[in-house]
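Enquirer: Below is the structure I would like to discuss, written out as structure tokens.
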Amino acid sequence: MFRSAKKTDMVALSEKYYYVEFSLLEDLGTEPRPLQFINIWIPGVDEVPMSISQYTVEKLYVLFKVVGEGTRSLRDRSGFFGIKGPLGNGISLSSYSRVLFVAGGTGIAPLPFLAKHAEESGVSLDVVWGVKKSSDLFNVKRLVPSTSSIYYASEDCVVGYCGRASDLAKWVLHEHAWRYDVVVCVGPKDMLLDMCRKVGGLAEVFVSLEALVKCGLGACGSCILKPLPRLLCIDGPVFKCSEVYKHLEWSTQY
């Protein structure tokens with residue numbers, strides 16, 4: 002079921018990254034948890050799955066990169082949209098004291114809402130964010146001033162660490178392993194597999210997956226995590242590495 006929302010503000014964060022505010026004209030029914038997502042219905046275009054970047058009773062925010070027709074329409078259009086969600090399981094940080102959040106590319110999107118919950122729970126949060134092109138980077142403190150330390154990586158080696166987010170995260174954990182109870186990773190599947198392989202022995206690791214989500218209710222089967230009998234919209238998107246390692250291996254081979 003879609004609920005009505007109006008696009009009321011948009012901020013350009015970098016060359017292709019945008020932060021959009023929606024005023025909720027109808028209550029979502031359930032308060033979202035960090036790393037849950039929504040489907041945004043863009044009239045005449047399509048449904049687009051998006052991480053919940055921030056939420057209040059009256060406002061919902063999404064952070065996205067323009068990569069195709071759906072995100073281009075979300076940037077360019079004004080007016081009314083449909084919101085379905087919150088969808089998925091999300092994550093709770095209340096049982097941890099210090100978290101390392103590792104994001105690859107658009108995996109940075111759920112960070113503001115996660116950081117809000119971390120602060121409310123008295124949990125310290127550090128961030129590793131890696132991108133292919135440094136022109137995608139923006140100052141994360143602009144959205145999440147409560148984070149302790151932020152480490153940047155770019156594969157074009159212009160800004161921050163020269164390399165991938167997973168390599169920088171491994172260095173951070175080797176240098177400061179005692180700091181962290183858990184690592185939370187969001188990004189492309191090859192990065193998530195790399196994190197499970199390189200970091201799994203250093204800390205407890207959760208990964209948040211992406212897949213083609215249509216109905217969001219587990220009925221259509223579009224988001225099945227082959228070769229496992231799991232659906233992203235019902236069982237995920239958040240899993241322990243051990244729960245989806247076979248899927249990550251499979252998805253990077255085919």
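Just remember that our numbering sits 1 ahead of the position in the sequence shown, which is counted from 1. For every residue, glycine included, the Cβ atom is placed at its ideal position computed from N, Cα and C. All figures in this text were calculated on a predicted structure; none of them were measured in a lab.
With a threshold of 8 Å on Cβ separation, who are the neighbours of G222 within its own chain once the five nearest residues in sequence on each side are excluded?
Expert: Position 221 of the sequence shown, counted from the start, is the residue given in the question as residue 222. Contacts found: L232.
Enquirer: Closer than 6 Å by C-beta to L64: which residues in its own chain qualify, once you throw out the five before and the five after it? Chain order, please.
Expert: The count along the sequence shown starts at 1 and reaches residue 64 at position 63. The residues are Y20, S54, A110.
Enquirer: Under a three-way DSSP split, which group does P50 fall into?
Expert: Mapped onto the sequence shown, residue 50 falls at position 49. P50 falls in the strand class under three-state DSSP.
Enquirer: Go ahead and pull the three-state DSSP assignment for P87.
Expert: Here residue 87 refers to the residue found at position 86 of the sequence shown. Residue state, collapsed to three classes: strand.
Enquirer: Please report the residue range of the beta strand (DSSP E) in which V128 lies.
Expert: Your numbering for residue 128 matches position 127 in the sequence shown. First-last of the beta strand (DSSP E) with V128: 125-132.
Enquirer: With burial defined as no fewer than 16 other Cβ atoms inside 10 Å of the residue's Cβ, what is the status of S93: buried or exposed?
Expert: Residue 93 sits at position 92 when you count from the first residue of the sequence shown. That one is exposed.
Enquirer: With 16 other CB atoms within 10 Å as the buried threshold, where does V100 fall?
Expert: Working through the sequence shown from its first residue, we reach residue 100 at position 99. Buried, by the Cβ-count rule.
Enquirer: So E120 is in the alpha helix (DSSP H); what residue range does that whole segment cover?
Expert: For the purposes of this step, residue 120 is identified with residue 119 of the sequence shown, where counting begins at 1. Element bounds for E120: 112-121.
Enquirer: Of all the options K17, L226, L115, which has the alpha carbon lying nearest to the alpha carbon of W251?
Expert: Taking the sequence shown and counting its residues from 1, the one referred to as residue 251 is at position 250. That would be L226, whose Cα lies nearest to the Cα of W251.
Enquirer: Mapping the DSSP letters down to three states, classify K66 as helix, strand or coil.
Expert: The residue you call residue 66 lines up with position 65 of the sequence shown. Looking at K66 - three-state DSSP - the assignment turns out to be strand.
Enquirer: Can you give the beta carbon distance from G91 to P50, rounded, assuming they're within the 8 Å contact cut?
Expert: Taking the sequence shown and counting its residues from 1, one reaches residue 91 at position 90. Taking the sequence shown and counting its residues from 1, one reaches residue 50 at position 49. Between P50 and G91 the Cβ distance is about 14 Å, and since that is not below 8 Å, they are no contact.
Enquirer: For the segment 156-189, which segments carrying the alpha helix (DSSP H) assignment without a break, of at least 4 residues, lie completely within its bounds, in sequence order?
Expert: Complete alpha helix (DSSP H) runs here, min 4: 166-177.
Enquirer: Straight-line CA distance for E48 to L88?
Expert: Within the sequence shown, residue 48 is the residue found at index 47, counting from 1. Within the sequence shown, residue 88 is the residue found at index 87, counting from 1. So the alpha carbons of these two residues sit roughly 14 Å apart.
Enquirer: Under a three-way DSSP split, which group does G30 fall into?
Expert: By one-based count along the sequence shown, residue 30 stands at place 29. Coil at G30, not helix or strand.
Enquirer: Near V245, which residues of its chain fall below 6 Å by C-beta distance, leaving aside the five closest residues on each side in sequence?
Expert: Looking up residue 245 in the sequence shown gives position 244. Nothing listed; no residue qualifies.
Enquirer: Would you tell me roughly how many angstroms separate the C-alpha atoms of G217 and E211, rounded to the nearest one?
Expert: On the sequence shown, position 216 is the one that residue 217 refers to. On the sequence shown, position 210 is the one that residue 211 refers to. Taking the straight line from one Cα to the other gives about 12 Å.
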